[in-house]
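Here the structure is laid out as structure tokens; the discussion comes afterwards.
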Amino acid sequence: MQLTKRLEQILTDVLTSTIINKTQLAEYFTLDYQQWVDNKTLNFSDFVKHIQSLKAHLHHCEVSFDQMISEDNKVHSSHTVTAQTKAGENIKMKVVGLFIFAENKLQRTEELTCLLSGPNHEKNIGSR
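Laid out in structure tokens, this is it:
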């Protein structure tokens, strides 16, 4: 599978599913996974907590891919995430990231998120 398609599959599955657990995440991410996002570093355990926090906070989430470039084991993606919180607030974010793969799983992500619309207190949703 092309890495661009694999990244689309991973992000869509992880962000749009209503329930996802540590075992399911380990199918997509290496156990030594590192994510640098908005000047914070998350290891695999921190990332699991981040995803669980998103699942507890969001009612619905969609991702659309604007641009993707692949070279060797790396994919650069610019994508837009739209979501609705369980409180009914609508959020739209731009995400730009470099995604590095090992054995068809994500091993490292370097990502910046920008809140395009929604309440100001949601600015840190990409890294909380």
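Going by our numbering, the first residue of the sequence shown is number 160, and it counts up by one from there. By construction, the Cβ of each residue, glycine as well, lies at the ideal position given by its N, Cα and C atoms. As the structure is a prediction and not an experimental result, all values here were calculated from the model.
Query, Result
"Cα-Cα separation between Leu201 and Thr182, rounded to whole angstroms", "18 Å"
"Member of Ile179, Asp197, Thr171 whose CA lies at the smallest distance from the CA of Phe224", "Thr171"
"Straight-line gap, Ser286 to Val196 (C-alpha atoms, nearest Å)", "6 Å"
"Residue range of the unbroken beta strand (DSSP E) whose run includes Ala246", "Premise fails: Ala246 is in no beta strand (DSSP E) and is neither H nor E."
"Buried or exposed (CB count within 10 angstroms, at least 16 for buried), Met160", "exposed"
"Through-space distance from Lys245 to His218, alpha-carbon basis", "5 Å"
"Spatial neighbours of His235 in its chain, beta-carbon cut-off 6 Å, leaving aside the 5 residues before and after", "Ile228, Leu257"
"Bridge partners - Val222, DSSP secondary structure assignment", "Val240"
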